[in-house]
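In full-length UniProt numbering, the protein residues as written are 1 to 202.
All C-beta atoms in this analysis are idealised placements derived from N, C-alpha and C, irrespective of residue type, glycine included.
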């Protein structure tokens with residue numbers, strides 16, 4: 001994913017907006033109707049929090065009544081806001097380091113939309129697919145030696161992985177955890193899977 005992709009290229013302009021006084025039950029019904037995993041909490045035109053499915057799961061785990069609990073009691077705050085022209089690579093790094101799944105896109109004239117972790121993953125996959133050159137089934141030949149060039153005989157799997165071990169089983173390349181699907185700043189090899197720090201300790 002390179003600098004050609006900006007936040008503006010992938011943001012979701014249609015988002016669910018709710019207020020702090022709404023009950024969690026009302027918001028969950030709205031999220032279900034709109035088929036979204038989060039709702040933006042606004043106070044006037046100001047974003048003050050985000051409610052996600054994880055916040056709702058936490059409420060259920062604590063055995064609290066969603067009809068008697070307001071959004072203001074469970075929302076994640078403060079929200080992280082980014083400029084629509086910011087590099088998507090920078091935003092993905094911020095999301096991974098701060099362990100967040102959603103950022104608010106805000107311009108000078110107000111809220112423009114949201115960027116979710118799913119948006120970043122989808123954009124990265126699409127961009128990589130368009131940028132990956134086609135490979136010949138036969139390795140290039142070293143004309144001076146009359147044999148295949150050893151530097152070009154790596155397998156396609158080796159080229160696509162692009163993960164370099166960092167003195168052990170930690171990998172330095174940012175990527176997607178194969179266990180939970182989260183965007184992570186570093187990955188570890190655990191039983192043949194590349195996993196994030198949280199899943200590594202499970």
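Considering only residues of the same chain and omitting the five flanking positions on each side of residue 117, which have a CB-CB separation below 6 Å?
Only 101, 183 meet the Cβ criterion.
If the criterion is Cβ atoms closer than 9 Å, does the pair residue 67 and residue 41 meet it?
Between residue 67 and residue 41, the C-beta gap is not smaller than 9 Å, which leaves the two residues out of contact.
Residues in its own chain within less than 7 Å of residue 34 by CB, not counting five upstream and five downstream?
Once the five neighbours on either side are set aside, the close Cβ partners of residue 34 are 16.
Go through the UniProt domain "CBS" (11-67) residue by residue and report every complete run of the alpha helix (DSSP H) that reaches 4 residues or more, in order.
Annotation: the UniProt domain "CBS" (11-67) contains the following complete segments of the alpha helix (DSSP H) (minimum length 4 residues), in chain order: 24-34, 53-61.
So residue 70 and residue 49 are in contact, right, with Cβ under 8 Å, and what is the actual spacing, rounded?
Taking 8 Å as the upper bound for CB-CB distance, residue 70 and residue 49 are not in contact here, some 11 Å apart.
My output table needs one value for residue 121: the three-state DSSP class, helix, strand or coil.
It is helical.
In three-state terms, what does DSSP make of residue 197?
Annotated three-state conformation of residue 197 is helix, per DSSP.
May I have the straight-line CA-CA distance separating residue 136 from residue 32, to the nearest angstrom?
Below a pLDDT of 50, predicted positions are generally treated as unreliable, and residue 136, at 48, falls in that range; no measurement from the model is reported.
Using DSSP's beta-bridge definition, name the partner residues of residue 107.
Answer is 110.
Identify whether residue 83 lies in helix, strand or coil by the three-state DSSP scheme.
In the displayed model, residue 83 falls within coil according to three-state DSSP, outside both helix and strand.
Considering only C-alpha positions, which residue in the set 51, 45, 47 is nearest to residue 26?
Of the candidates 51, 45, 47, the one whose C-alpha sits nearest the C-alpha of residue 26 is 51.
Give the secondary structure of residue 5 by DSSP, where H, G and I count as helix, E and B as strand, and everything else as coil.
In this structure, residue 5 counts as coil in the three-state DSSP scheme.
Endpoints, the beta strand (DSSP E) within which residue 190 is located:
First-last of the beta strand (DSSP E) with residue 190: 187-190.
Can you name the start and end residues of the alpha helix (DSSP H) that residue 93 belongs to?
Its alpha helix (DSSP H) spans residues 88-98.
Go through its chain and collect everything with a Cβ distance to residue 193's Cβ below 7 Å, but skip five positions before and after it.
Excluding sequence neighbours, residue 193 sits near 178, 179.
Within its chain, find whatever has a CB closer than 8 Å to the CB of residue 120; leave out the 5 residues flanking it on each side and keep chain order.
For residue 120, where only same-chain residues beyond five positions count, the Cβ hits under 8 Å are 10, 88, 91, 92, 95, 183.
Which residue wins for smallest C-alpha separation from residue 72, given the options 80, 81, 84, 59?
Residue 72 has its Cα closest to that of 59, out of 80, 81, 84, 59.
State the beta-bridge partners of residue 115 as determined by DSSP.
Partner(s): 103.
Between which two residues does the alpha helix (DSSP H) carrying residue 181 extend?
Where residue 181 is concerned, there is no enclosing alpha helix (DSSP H), given that its DSSP letter is neither H nor E.
With a CB to CB cut of under 6 Å and the five nearest residues on each side skipped, what residues in its chain are close to residue 198?
Apart from sequence neighbours up to five positions away, no residue of its chain approaches residue 198 with a beta-carbon distance below 6 Å.
Taking residue 84 and residue 7 to be in contact with their CB atoms under 8 Å, please state how far apart those CB atoms are, rounded to whole angstroms.
At roughly 5 Å, the Cβ-Cβ gap stays under 8 Å, so residue 84 and residue 7 are in contact.
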